[in-house]
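Numbering-wise (this note's numbering), the sequence shown opens with residue 3 and increments by one. We put the beta carbon where it would ideally sit given N, CA and C, even for glycine. These figures come from a predicted structure and were not determined experimentally.
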Amino acid sequence: MKRWLALLPLVVLAGLAGLFVYWVVRQGDPTYKPDALVGQAVPETVLPILQDGVAGPQNVDLKTAGVGRPMIVNVFASWCAPCRLEHPKLMALKARGVAVVGVAYKDEPEATAAFLDELGDPYSMVLVDREGRAGLDLGVSGVPESFAVDALGRVVAKQSGPLLDDAEIDRLVAALQAPPRAPPTATSRSR
3 MKRWLALLPL VVLAGLAGLF VYWVVRQGDP TYKPDALVGQ AVPETVLPIL
53 QDGVAGPQNV DLKTAGVGRP MIVNVFASWC APCRLEHPKL MALKARGVAV
103 VGVAYKDEPE ATAAFLDELG DPYSMVLVDR EGRAGLDLGV SGVPESFAVD
153 ALGRVVAKQS GPLLDDAEID RLVAALQAPP RAPPTATSRS R
């Protein structure tokens, strides 16, 4: 009996090691995408609007930035190399008539304006998230990340990393076009 008790810490340690290995492998899995906000409302984070290379004076709530229409919220930064790679795809979304709201994550407004002047502005609105507050509220793990938000302000799809694959872009756009589900109502039972 004492021999089994002596082995118990080794068994527990082996189990914890197995969980750790599973977690590491899962994080390295390219198909794994944390979508914690999908199905939930966009956080009500108030940010200044980028105007003429400066933040503000107007502010807008991220949830209402789409003005009651579907939108893609794209979190980006001028210092982000993958953001440069995805930029042509965002310009193509603008050409298709898809509303894209940009959130300049941990970026200086002047640098954001220079970035957009250089590459073109695909955004219907750019919000300044200098301190990264919206990034925290959205659960951003890195830039770029994009969120498809329906007309009701609910996240319906998410893309972590740059939008480079047309299939991923079509998935986000299709999620925007899906009919909204009716809110639950009380039903009466007939006898």
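With respect to Y107, V77 sits close: the two C-beta atoms are nearer than 8 Å. D109 and P84 have their C-alpha atoms spaced approximately 15 Å apart. In the DSSP assignment, A176 forms no beta bridge with any residue.
Cβ-Cβ separation between V105 and D63: approximately 12 Å, too far for a contact (criterion under 8 Å).
The continuous stretches of alpha helix (DSSP H) do not include G134, and DSSP gives it neither H nor E. Between R98 and D168, the alpha-carbon positions lie close to 13 Å from each other. Shown here for V175: same chain residues with a beta carbon closer than 7 Å to its own, the five before and five after excluded, namely V100 in chain order. If you look at L121, you'll find it in the alpha helix (DSSP H) that goes P111 to L121. Take the alpha-carbon of P72 and the one of L18: they are about 44 Å apart. By the beta-carbon neighbour count (other beta carbons within 10 angstroms, threshold 16), T66 is exposed.
Just so you know, the alpha carbons of L9 and L15 end up roughly 10 Å apart. Spatial neighbours of V142 in its own chain (CB-CB distance under 6 Å, excluding positions within 5 residues in sequence) are listed in chain order as V77. Secondary structure note for E46: it is in no beta strand (DSSP E), with a DSSP letter that is neither H nor E.
Minimum Cα-Cα distance from D139 among the listed residues Q42, R5 and L7 corresponds to Q42.
Within the same chain, G141 come within 7 Å of A38 by CB-CB distance, once the 5 residues on both sides are set aside. When the five nearest sequence neighbours on each side are left out, the beta carbons in the same chain lying within less than 7 Å of the beta carbon of A115 are those of L52 and G55, in order along the chain. Under a 10 Å Cβ-count criterion, P11 is classified as exposed, with fewer than 16 other Cβ atoms of the shown protein chains found around its own Cβ. Taking C-alpha positions only, V102 is separated from V13 by approximately 52 Å. Note on V69: under 16 other CB atoms within 10 angstroms of its CB, so exposed under the neighbour-count rule. Between the alpha carbons of Q161 and P111 lies a gap of roughly 24 Å.
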